[in-house]
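Keeping their order, the protein sequence lines are chains A and B. Numbering of the first sequence is given in our numbering, commencing with residue 97 and proceeding in unit increments. Numbering of the second sequence is given in our numbering, commencing with residue 97 and proceeding in unit increments. The beta carbon of each residue, even a glycine, is placed where N, CA and C say it ideally should be. Predicted model, so just to flag it, every value in this text is computed and none were measured. Beneath this line is the structure, given in structure tokens, with notes to follow.
2 protein chains.
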Amino acid sequence: MDTAAPSLDWLISVDDHIIEPPNVWQDRLPAKLREAGPRFLTIDGVEHWVYDGKTIPTSGLSAAAGRRKEEFSPLPIQFSEMRPGCYDPVARLADMDQAGILASLCFPSFPRFCGQLFLESKDKELALKCVEAYNDWLIEEWCGAAPGRYIPMIITPLWDPRLAAKEIERCAAKGARAVAFSENPAPLGLPTIFDPSRHWDPLFEAAADAELVICMHVGSSSQLPAISPETPAIVNLAWGAVRTAGTMLEWLFSGYFKRMPGLKIALSEGNIGWIPYFLERAEQVLENQRHWAARGIALDGYEASVANNFTPDDLADVNLRQLFRDHVYGCFIDDIHGLNNLDVIGVDNVMIETDYPHTDSTWPNCISLAHKRLAHLPADVQYKVLRGNAERLYRFQPVEPVR
Amino acid sequence: MDTAAPSLDWLISVDDHIIEPPNVWQDRLPAKLREAGPRFLTIDGVEHWVYDGKTIPTSGLSAAAGRRKEEFSPLPIQFSEMRPGCYDPVARLADMDQAGILASLCFPSFPRFCGQLFLESKDKELALKCVEAYNDWLIEEWCGAAPGRYIPMIITPLWDPRLAAKEIERCAAKGARAVAFSENPAPLGLPTIFDPSRHWDPLFEAAADAELVICMHVGSSSQLPAISPETPAIVNLAWGAVRTAGTMLEWLFSGYFKRMPGLKIALSEGNIGWIPYFLERAEQVLENQRHWAARGIALDGYEASVANNFTPDDLADVNLRQLFRDHVYGCFIDDIHGLNNLDVIGVDNVMIETDYPHTDSTWPNCISLAHKRLAHLPADVQYKVLRGNAERLYRFQPVEPVR
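Here it is in structure tokens:
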């Protein structure tokens, strides 16, 4: 790289998606577990994953790359209908090259964003082997197919933070750089990050020790929040960032960043334009309301519980903006308002995504749209957002293809 | 007013709060209903409202004017401990004059933001009389105490949109300029604004016909949303604007503004800094997802229902930004990010609030803080935000006091 004029030809996308090919688990599970492990079958002419008593097709919304918006559909899609880049790491490279994507961090599809599928499994011994098989496949086969092009992000056995810590250690030794976690464990039936017994400490400590970034994808709570029971889907979709705003606020107030200074979190596919308001508001609430709110007394006339595990002293010296700067990374696909306010969020705290092959993807116009959206920013800032911040955060050295 | 140099000495606050004095209902209910109507009693040394089988004290958070942040408390407060401006419209004027508040739109406290208390009443005949008594008292005694200083906003019998329409017509004839409604009727056990039978049409039509602004205060769904069951109160408070974001999105997509072009809504105490992101995201979702989302098919792996009452055609010509410009007003207490992005929201669509006597209030520094926050804007834009937009929206001619 010429440091005087950083190359803006490429971007690193910190949020893309893999459609797992049929062989992932059958190739890697011990022979005795293969029959019970995820199998890929055609049932009544429709391809399905069969596992844990469930038959799960792939949604067309999860493999929409190359389709026109009018063709987007949540109905089941077959491998033969997908672009090969959806499931083949070598075919994906051609699509990445075409769109200026130098490197990509990919989330799982069938296991869901942070492996919720295996959390739900009745047979947890099998589920652990499935988690390990996915991670090995991801590191060795998907990322291994093109060194310097894929940032390895693993999933964990969410049902046991100590097992999760072991899996983090095991995979970190194999080159993992990030670990998927839930934006909100409560809807998954798991303790929250405010759990008084510090349930999640082993997992977060392992991530901090191994310098793995905790990536929380929007939807990783298995919930699409509904404004009301009658609110149309499209309105709830537009509202979706409220989940990520909640995740950001919870982590900033959680005390984890103070207790584990090495922790870094990425708010995957959460967008960034809402961050300035919610950061400012959090500071305002902390300033105005911390004395009474820390005492944990319920508000009159409100139904919701107002749990509390703070004392006023805990909150007295919290610098929310500094915690954000040091630990939190906003991730966006296309966010004009966010980029127009990048200085408020922090030029070192934002990374770009392309969301291939989902319906919000900018593919195949990723790099050209990025140049348009970033044009008002200095070249060094553009470089940070396009790739510099991701390289630093994930300790990842991309390898540029020969063109 | 000198049109060449608009006076920036005063602001109009479109969100303040009344602590109702003890006589409101006892003075105005028919004799036979007084015993069952809201009475104000001291029980075990603590002042309470007694009504409908409930005993309800006033929270110290609702009457915090003049207190230091360290003294804020949700514990019950007595009238003798409050600034008289909390409950006395003449005493309030002195506090308004001191802080540069030319005029004020006030929400009820004991009946709650849009009269939820009376909605919950078992005896709906009595409840209707209570709604009428409040509105008469508000218009005649509170606003009547100082013509040109208080913008009359009424409540309605929320349980019956036809009765609500009648009450709107009755009060409009007496000078009402605004009507309180719920940010989200679903948690109140009421049909939503997407109700297929068009449940709310009579109420909204009456408001549009009488040119009353529909004011939806944050919290008027009687809910403080919780990110998770263990999330501390202060974190949920910082997250609170997600309710108002939901309200804005629902109304923009609801079709009401097309069907009733005279409707105007104010997002009371919702703040504004989040508006640019959610407007942009709504446009993006509309563009990218409307074809499949309008078909109403559930997403795989999500628990929440994805109800739908749209066809792709309904959504084809929706101009969300224009609907916002023509019908929606953002209201803020102190919002640096919002004011730094006022051009994106719209200089004609934003109004200031002082939230007297609540804990987020800027009192007594209202006008000086406003000048500081608005300093980067041209004088004519400052004038709009301080008072011009409120004067136009509420058709209200304030009367400046002689100083």
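For residue 402/A, count neighbouring Cβ atoms within 10 angstroms of its own Cβ and tell me buried if that reaches 16, exposed if not.
Looking up residue 402/A in the first sequence gives position 306. With a pLDDT of 41 at residue 402/A, under the threshold of 50, the modelled position of that residue is not reliable, and the figure given next carries that caveat. It counts as buried.
Which residue's Cα is closest to the Cα of residue 301/B: 262/B, 480/B and 327/B?
Translated into positions along the second sequence, residue 301/B becomes position 205. Checking every option, the nearest Cα to that of residue 301/B belongs to 262/B.
Kindly list, in the order they appear in chain A, the residues whose Cβ is closer than 8 angstroms to that of residue 338/B.
By 1-based counting over the second sequence, the position of residue 338/B is 242. The answer, in chain order, is 335, 338, 341 and 342.
Could you list the residues in the stretch 350-369 of chain B with a C-beta less than 9 angstroms from some C-beta on chain A, going in chain order?
Per Cβ criterion, the list reads 350, 367, 368 and 369.
Which same chain residues, not among the five before or five after residue 367/A, have their C-beta less than 6 angstroms away from its C-beta?
For this step, residue 367/A is matched to residue 271 along the first sequence. Excluding sequence neighbours, residue 367/A sits near 337, 428 and 431.
Relative to chain B, which residues along the stretch 405-435 of chain A have a C-beta separation below 8 angstroms, given in chain order?
Answer in chain order: 405, 406, 411, 430, 431, 432, 433 and 434.
Over what stretch of residues does the beta strand (DSSP E) that includes residue 330/A continue unbroken?
What you label residue 330/A is simply residue 234 of the first sequence in a count that begins at 1. Segment 329-334 is the alpha helix (DSSP H) holding residue 330/A; no beta strand (DSSP E) there.
State the Cα-Cα distance for the pair residue 329/B and residue 389/A, rounded to the nearest angstrom.
Numbered from its first residue, the second sequence carries residue 329/B at position 233. Numbered from its first residue, the first sequence carries residue 389/A at position 293. Approximately 6 angstroms, taken between the alpha carbons.
State yes or no: is the beta carbon of residue 399/A nearer than 9 angstroms to at least one beta carbon in chain B?
Here residue 399/A refers to the residue found at position 303 of the first sequence. Only weak support exists for where residue 399/A lies, its pLDDT of 33 falling under 50; the value from the coordinates is given anyway. Output row for residue 399/A: interface = yes.
Going by DSSP, what residues sit across from residue 249/A in a beta bridge?
Locating residue 249/A in the first sequence gives position 153, counting from the first residue. Residue 249/A pairs with 274/A.
Rounding to the nearest angstrom, what Cα-Cα distance links residue 489/A and residue 435/A in this structure?
Residue mapping note: residue 489/A aligns to position 393 of the first sequence, counting from 1. Residue mapping note: residue 435/A aligns to position 339 of the first sequence, counting from 1. Taking the straight line joining both Cα atoms gives about 19 angstroms.
Got a sec, what are the start and stop residues for the alpha helix (DSSP H) residue 214/B sits in?
Locating residue 214/B in the second sequence gives position 118, counting from the first residue. 212-215 is the span of the alpha helix (DSSP H), which, as asked, contains residue 214/B.
Hey, could you find the ends of the beta strand (DSSP E) residue 311/B is sitting in?
In the second sequence, the residue the question calls residue 311/B occupies position 215. Start and end: 309-312.
Could you name the residues of the stretch 450-463 of chain A whose beta carbon sits closer than 8 angstroms to any beta carbon of chain B, in the order they occur along the chain?
Those would be 455 and 456, in chain order.
In whole angstroms, give me the CA-to-CA distance for residue 105/A and residue 495/A.
To locate residue 105/A, count along the first sequence from 1; it is residue 9. To locate residue 495/A, count along the first sequence from 1; it is residue 399. Cα-Cα distance, rounded: 13 angstroms.
Where does residue 146/A sit, in a helix, a strand or coil, going by DSSP?
Sequence index remark: in the first sequence, residue 146/A carries index 50 (1-based). Strand, per DSSP.
DSSP three-state call for residue 467/A: helix, strand or coil?
Here residue 467/A refers to the residue found at position 371 when the first sequence is read from its first residue. Reduced to three states, the DSSP call for residue 467/A is helix.
For the alpha helix (DSSP H) containing residue 504/A, name the first residue and the last one.
Outside the displayed range of chain A (97 to 499) lies residue 504/A, so it cannot be described from this structure.
Starting from the beta carbon of residue 165/A, find every residue of chain B whose beta carbon is closer than 7 angstroms, and list them in chain order.
In the first sequence, the residue the question calls residue 165/A occupies position 69. Per Cβ cutoff of 7 angstroms: 384 and 387.
Going by DSSP in three states, residue 120/A sits in which element: helix, strand or coil?
In the first sequence, the residue the question calls residue 120/A occupies position 24. Residue 120/A: helix per DSSP, three-state reduction.
Just confirm the distance between the C-beta atoms of residue 365/A and residue 313/A, as a whole number of angstroms; I'd bet it's less than 8 angstroms.
As a position in the first sequence, residue 365/A is number 269, starting the count at 1. As a position in the first sequence, residue 313/A is number 217, starting the count at 1. Yes, they are in contact, since the Cβ atoms of residue 365/A and residue 313/A sit about 6 angstroms apart, within 8 angstroms.
If you pair each beta-carbon of the stretch 173-182 of chain A with each one of the stretch 144-163 of chain A, do three or more pairs fall below 8 angstroms?
As far as the Cβ criterion goes, the stretch 173-182 of chain A touches the stretch 144-163 of chain A, which means the pair count is three or higher.
For residue 247/A, is the classification buried or exposed, using 16 other Cβ atoms within 10 angstroms of its Cβ as the cut-off for buried?
Your numbering for residue 247/A matches position 151 in the first sequence. The residue in question, residue 247/A, is buried, as its Cβ has 16 or more Cβ neighbours within 10 Å.
Do residue 116/B and residue 204/B have their C-beta atoms closer together than 9 angstroms?
Within the second sequence, the letter at position 20 stands for residue 116/B. Within the second sequence, the letter at position 108 stands for residue 204/B. Result yes, Cβ atoms of residue 116/B and residue 204/B sit closer than 9 angstroms.
Please report the residue range of the beta strand (DSSP E) in which residue 426/B lies.
In the second sequence, the residue the question calls residue 426/B occupies position 330. Note, residue 426/B: beta strand (DSSP E), 424-428.
Let me check understanding here. Comparing Cα to Cα, which of 416/B, 223/B and 363/B lies closest to residue 383/B?
Locating residue 383/B in the second sequence gives position 287, counting from the first residue. When only C-alpha atoms are compared, the closest one is 416/B.
With 9 angstroms as the threshold, decide whether the Cβ of residue 297/B is near any Cβ in chain A.
Residue numbering aside, residue 297/B sits at position 201 when the second sequence is read from its first letter. No, residue 297/B lies away from the interface with chain A (no Cβ there is under 9 angstroms from its Cβ).
Output needed in chain order: residues of the stretch 195-228 of chain A with a Cβ under 9 angstroms from some Cβ in chain B.
So the list reads 208, 212 and 213, given in the order they occur along the chain.
Residue 349/B and residue 276/B: beta carbons closer than 9 angstroms?
Your numbering for residue 349/B matches position 253 in the second sequence. Your numbering for residue 276/B matches position 180 in the second sequence. No; because the gap between Cβ atoms is not below 9 angstroms, this pair is not in contact.
Let's test the definition: count the other Cβ atoms within 10 Å of the Cβ of residue 498/B and tell me whether it reaches 16, buried, or not, exposed.
One-based indexing of the second sequence puts residue 498/B at position 402. Under this definition residue 498/B is an exposed residue.
Smallest Cα separation from residue 163/A: which of 369/B, 385/B and 454/B?
Here residue 163/A is taken as the residue at index 67 of the first sequence, counted from 1. Checking every option, the nearest Cα to that of residue 163/A belongs to 385/B.
DSSP on residue 232/B, reduced to helix/strand/coil?
The sequence position of residue 232/B within the second sequence is 136, counting from 1. Helix at residue 232/B.
Mark residue 177/B as exposed unless 16 or more other C-beta atoms lie within 10 angstroms of its C-beta, in which case mark it buried.
As a first step, residue 177/B must be located in the second sequence, where it is residue number 81. Exposed.
Could you tell me which chain A residues have their CB closer than 9 angstroms to the CB of residue 291/B, listed as they occur along the chain?
Within the second sequence, residue 291/B is the residue found at index 195, counting from 1. The answer, in chain order, is 326.
Between 331/A, 410/A and 197/A, which has its C-alpha nearest residue 320/A's C-alpha?
Residue 320/A sits at position 224 when you count from the first residue of the first sequence. Nearest option by C-alpha distance: 331/A.
Give me the residue from 423/A, 233/A and 442/A with the minimum Cα distance to residue 352/A.
Position 256 of the first sequence holds residue 352/A. Considering only alpha carbons, the answer is 423/A.
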